[in-house]
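A short write-up of the structure that comes next.
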Amino acid sequence: MSGGERAMKEQAVNRISASGAAKIALKEWKKNYALYLLLLPAIAFFIIFAYIPMGGLIIAFKDYNIFTGIWASDWAGLANFKEMFSIPEFFRITRNTLLLNILGLLVGFPAPIILALMLNEIRSKYFKKISQSLLYLPHFMSWIVLGGIVYAVLSPKYGIVNEIMRWIGMNEFYFMADKTSWVIVYTLSAVWQSAGWGTIIYLAAITAIDPSLYEAASIDGAGRLRKIISVTIPSIMPTIIILFILAVGNMVSIGIEQPLALANAVVGDVSDVISTYVYRVGIKQGDFALTTAVGMVQSVINLFLILTANHFAKKAGGESLW
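Per the working numbering, the sequence shown runs over residues 870 to 1191.
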């Protein structure tokens, strides 16, 4: 067979393969079209609020003026990035962001796993439903409300915690005005707000475990604790690893709601984070170019962290995002 005939044959095979793939894709679409339609709102949301705004990153490289617009503003090169690394607050806000996120990861990440394992062992359906409802409730409350509750509970004059301390002979203590206790309160309140909601994912993973594994463990004489260690945790380990990778990918990001709701001037040295700095300088002072540069560096570092975590997770256990 000549080279030309061989090439023609390969082209024909490729056309047939492409046609077959198109037919399979069309058949798949017809079969699951309802599921694809359900995806459309989510896809539209990310396109509108995640991908289209990425065009605004060009502001980081410009001497942006809100009155002249993005395109008419002069190019500034890397001047905004140089300014970012030279500002006095840069080290402090980066340190605080990393500190709060690391504490949140160490304390907050295991919390929903432990709660899910405990809820799974509850035999009373009525008590289980009440417990789940109480655990999920804080997730649906805004941080302004939760912050008010925290301040009320820890109030040195009327808070229940200080009332108990006075009752047992201890002096009152202003938790929200002490830097160390503020960090602890911040971490625990974040766990309180998010742990219950996080249990939903782990409970779903637990319910997907093959019951025959528990039956086999029972035949071998395993108790509840042994079943949790030998069956439940290994079975949900892929879910744990995936969520851990995603959590590491947000190590340099922190929401603005909780710091604003809990912070005060006394603990500013530990409560001022990247998001509050961006809000203060970008929104209040109108320096959009500098804060865009800060946000861009933040995103690049998060991308690097999630790629690194994914790489090591894949090397260690084979589970990864991709």
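For glycine and all other residues, C-beta sits at the position ideal for the given N, C-alpha and C.
With C-beta atoms as the reference, is residue i less than 8 Å away from residue j?
i, j, result
"L1174", "I1111", "no"
"V976", "T1056", "yes"
"I928", "A1158", "yes"
"T1161", "L926", "yes"
"T1068", "L984", "yes"
"A980", "V1060", "yes"
"W1051", "V1136", "yes"
"L1023", "V1054", "yes"
"N989", "I1070", "no"
"L1003", "Q1062", "no"
"S1099", "A1086", "yes"
"V1150", "N965", "no"
"L969", "I1078", "no"
Using a Cβ-Cβ cut-off of 6 Å (strictly less than) and excluding sequence neighbours within five positions of residue i, which residues of its own chain qualify?
i, result
"I1170", "V1121"
"P1025", "N1031, E1041 and Y1043"
"P1107", "E1188"
For residue i, collect the residues of the same chain with a Cβ closer than 7 Å to its Cβ; drop the 5 residues on either side in sequence, then sort them by chain order.
i, result
"I885", "Bear in mind that a pLDDT of 48 at I885, under 50, signals an unreliable position, so the model cannot answer this."
"Y1005", "G1065 and W1066"
"Y1148", "I1125"
"I982", "Y1071 and I1109"
Which residues in the same chain as residue i place their Cβ atom closer than 8 Å to its Cβ, once the five residues preceding and following it in sequence are excluded?
i, result
"E958", "D1141 and Y1146"
"G1155", "I935"
In the DSSP assignment, the beta strand (DSSP E) including residue i goes from what residue to what residue?
i, result
"K931", "K931 to N934"
"W944", "G938 to W944"
Which residues bound the alpha helix (DSSP H) around residue i?
i, result
"S993", "Looking at the DSSP string, S993 is not in any alpha helix (DSSP H), and its letter there is neither H nor E."
"L1190", "That residue, L1190, is in no alpha helix (DSSP H); it is neither H nor E in DSSP."
"N965", "F959 to L972"
"A913", "Y902 to F915"
"A1086", "P1080 to I1088"
Report yes or no: do the region 1123-1137 and the region 1001-1020 share at least 3 C-beta pairs separated by less than 8 Å? yes
Given 8 Å, three or more beta-carbon pairs between the region 926-933 and the region 1101-1120: no
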